[in-house]
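Numbering-wise, numbering that gives the first Met the number 0 puts 138 at position 139 of the sequence shown, and it's gapless, one number per residue.
We put the CB at the ideal spot given by N, CA and C, even for glycine.
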Amino acid sequence: MTAAAVLFAEPGARWRAVAYGPILCLAVLVLEFATGGAVHWFALVFCAALIAGFVALQVVAGKRHVSVELTEETLRSGTESLPLDSIAEVLPERDEDSWDDEDWESARALGELSGVPRRRTGIGLRLADGGLVQAWARDHKALRTALTEAVQRSSDGVDR
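Written out as C-alpha cells, the structure is:
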C-alpha cells in the first residue's frame with residue numbers, strides 16, 4: 000500500500016519554537032559576560048530548560064490537535080480523519096456583508112477540540128448523510144481550494 004499524495008498540510012506547530020527560550024537565555028548570558036557583571040549560570044540554565052520543556056509540550060499538543068492534512072483519500076483535522084467520499088459538498092464562504100450566520104458556522108468542528116482552534120478559520124462541509132461539519136485551517140483559502148478540487152475528483156470517480 001502506497002501513501003496517498005498530500006494535497007494540503009499545516010503542521011499545527013513547529014519544533015523551532017522550542018529553541019526561542021534557550022536562545023534568549025543565551026543572549027542574556029552573553030550580555031552578562033559583556034557587561035562584566037555577575038553571571039547567573041544556574042538561573043539561566045534553569046530558565047532555558049524550563050521554557051524549552053513547556054514549549055515542547057505545546058508543540059506536541061499543536062502537532063497532535065491543530066495540524067491539518069488533506070490527501071487524495073482523507074481530510075485529517077487534528078485527531079479526526081474524514082474520508083473524502085463522505086463529503087458531499089464544500090459549502091461557500093460566509094458572506095461578510097450578511098447579518099445572518101450560515102448554518103455550518105454552528106456545526107461541530109472536526110477534531111476533538113470544542114470548536115475551531117484559535118487563529119484558524121472554519122470551512123463548511125456538507126456530508127453525504129446530510130450532516131454539517133466544519134473543517135478548519137490557518138490558510139483556509141488554500142485548504143478550501145484543494146478540498147473543493149479533491150471532493151470534485153472524488154465524486155467524479157477520478158483518481159479512484
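For residue i, the nearest candidate out of the options (CA to CA)
{"i": "Ala42", "options": "Pro21, Ala55, Thr34 and Leu142", "result": "Pro21"}
{"i": "Val65", "options": "Asp138, Ser154, Glu101 and Asp155", "result": "Asp138"}
{"i": "Leu112", "options": "Asp94, Asp102, Glu148 and Trp135", "result": "Trp135"}
6 angstroms CB neighbourhood of residue i in its chain, flanking five on each side removed
{"i": "Ser97", "result": "none"}
{"i": "Val132", "result": "Ala106, Arg107, Leu109 and Leu124"}
{"i": "Asp158", "result": "Low local confidence applies: a pLDDT of 46 at Asp158 is under 50, so the model's placement there is unreliable, with the coordinate-based value given in what follows. Excluding positions up to five away in sequence, the list reads Glu71 and Arg152."}
Residue i versus residue j: straight-line alpha-carbon distance, rounded
{"i": "Thr70", "j": "Val89", "result": "16 angstroms"}
{"i": "Val44", "j": "Cys24", "result": "8 angstroms"}
{"i": "Ala149", "j": "Trp14", "result": "30 angstroms"}
{"i": "Ser80", "j": "Ala87", "result": "16 angstroms"}
Residues of its chain near residue i, where Cβ-Cβ distance is below 8 angstroms and the 5 sequence neighbours each way are ignored
{"i": "Ala51", "result": "Val17, Ala18, Gly20 and Pro21"}
{"i": "Ala4", "result": "Thr70 and Glu71"}
Spatial neighbours of residue i in its chain, beta-carbon cut-off 7 angstroms, leaving aside the 5 residues before and after
{"i": "Pro82", "result": "Glu72 and Thr73"}
Residue i: first and last residue of the uninterrupted beta strand (DSSP E) it sits in
{"i": "Leu81", "result": "Glu79 to Pro82"}
{"i": "Val89", "result": "Ile86 to Val89"}
Just list the alpha helix (DSSP H) runs in the segment 40–76, keeping only unbroken ones of 4 residues or longer that don't cross its boundaries, in chain order. 40–64
To test your reading of the DSSP string, which unbroken alpha helix (DSSP H) runs of 4 or more residues are found completely within the segment 9–35? 19–34
Starting from the N-terminal side, write out each stretch of the beta strand (DSSP E) that is 3 residues or longer and does not extend beyond the segment 115–155. As far as the segment 115–155 is concerned, its whole beta strand (DSSP E) runs of at least 3 residues are 120–126 and 131–136.
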